[in-house]
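J.: Chains as they are written, first to last, in the numbering used here: chain A, 1 to 104; chain B, 105 to 208.
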DNA sequence: TTCTCAATTAGCTATTATGCTAAATACGTA
DNA sequence: TACGTATTTAGCATAATAGCTAATTGAGAA
């Protein structure tokens, strides 16, 4: 397998590898949201949220649609939500091993 | 949902958000491998590969086992391999939209 | 013990990511 | 036109990553 494939994949992963961007992905699970709504959820300044959105857009994860002077973003590839299941499995196994380490 | 949950998830994502680390995860799909074998696959220096492995280990993705003077790593949570499917779906949809943009 | 090999850690530099404030754009309304 | 609101982009300072070489640790062999 070519290294460029892994580089492309890593770009997508990087576009999700930030707490605020994971919050955004989760928030968009139920449907589209404008930047101002996402800002409330994430709790950063509007420019910062906008930049996170732009990273996710460039990675092909979300898409924006203008309505008036607001821009509504939505998930393009909803399967990213299923990533959480696996990530949480990693976290659980981590906690299990941490507990074992304490016992031993 | 608490922000700390998203921070923990982001740590796991970050531990995979690098081409070399994705290559390592993929290589470990078929079973454990020592660092020297992974080095050949990744194509970086041994210290660099070792540091990638240590990041993945801290995130709870892999585990190492010493045998003689070699250390064999294995995937702790094999479901990370299923991530590739979704990531590739993102890449495909990206290419589709890029093609549409060229047509228009 | 001493030597060698595999792996990790230290120390450094270069690159990249993050988040802010301030400025620019886009759109709707008066 | 001019103004207000939502969003993006620029520019900057700080922090985090990545990769290298050199030094260190761990385990087996001579």
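Note that the Cβ used here is the ideal one computed from N, Cα and C, for glycine as well.
A quick note: this is a predicted structure, and the numbers were derived from the prediction, not measured.
Report the option in 147(B), 107(B) and 120(B) whose CA atom is closest to the CA atom of residue 90(A).
T.: That would be 120(B), whose Cα lies nearest to the Cα of residue 90(A).
J.: Taking Cβ to Cβ, would you say residue 28(A) is nearer than 8 angstroms to residue 73(A)?
T.: In contact: residue 28(A) and residue 73(A) (Cβ atoms closer than 8 angstroms).
J.: When you compare only the Cα positions, how much space is there between residue 155(B) and residue 69(A)?
T.: Approximately 47 angstroms between the Cα atoms of the pair.
J.: Round the Cβ separation of residue 190(B) and residue 102(A) to the nearest angstrom and send it over; I've been treating them as touching at under 8 angstroms.
T.: No, residue 190(B) and residue 102(A) are not in contact; Cβ-Cβ is about 34 angstroms, not under 8 angstroms.
J.: In chain order, what residues of the same chain lie with their CB nearer than 7 angstroms to the CB of residue 40(A), ignoring the 5 residues before and after it?
T.: Here the set comprises nothing.
J.: Would you say residue 156(B) lies against chain A (beta-carbon separation less than 8 angstroms)?
T.: Chain A, which has no Cβ nearer than 8 angstroms to the Cβ of residue 156(B), makes this no.
J.: List the whole-angstrom C-beta distance separating residue 9(A) from residue 188(B), where the pair is believed to meet the contact cut-off of C-beta under 8 angstroms.
T.: Rounded, the Cβ-Cβ distance is 7 angstroms, consistent with contact.
J.: Compile a chain-ordered list of the residues in the region 63-81 of chain A whose CB is closer than 7 angstroms to at least one CB of chain B.
T.: Cβ contacts with chain B come from 76, 77, 79 and 80.
J.: With a threshold of 6 angstroms on Cβ separation, who are the neighbours of residue 124(B) within its own chain once the five nearest residues in sequence on each side are excluded?
T.: So the qualifying residues of the chain are 146 and 156.
J.: Below 8 angstroms on the Cβ atoms is my guess for residue 166(B) versus residue 138(B); work out the distance and round it to an integer in Å.
T.: That pair is no contact at about 13 angstroms.
J.: Does residue 7(A) get closer than 8 angstroms to chain B when you measure Cβ to Cβ?
T.: Yes, residue 7(A) counts as interfacial toward chain B.
J.: Is it right to say residue 31(A) is buried, meaning 16 or more other beta carbons lie within 10 angstroms of its own, or is it exposed?
T.: Residue 31(A) should be labelled exposed.
J.: The alpha helix (DSSP H) that contains residue 41(A), what's its start and end?
T.: From DSSP, the alpha helix (DSSP H) with residue 41(A) extends over 35-42.
J.: Can you look up residue 75(A) in the DSSP assignment and give me helix, strand or coil?
T.: Of the three classes helix, strand and coil, the one that applies to residue 75(A) here is strand, per DSSP.
J.: Can you pull the chain A residues whose beta carbon is under 7 angstroms from the beta carbon of residue 197(B), in chain order?
T.: Those are 60, 76 and 77, listed as they occur along chain A.
J.: Compute the Euclidean distance between the alpha carbons of residue 60(A) and residue 88(A), then round it to the nearest angstrom.
T.: If you take the alpha carbons of residue 60(A) and residue 88(A), they lie about 23 angstroms apart.
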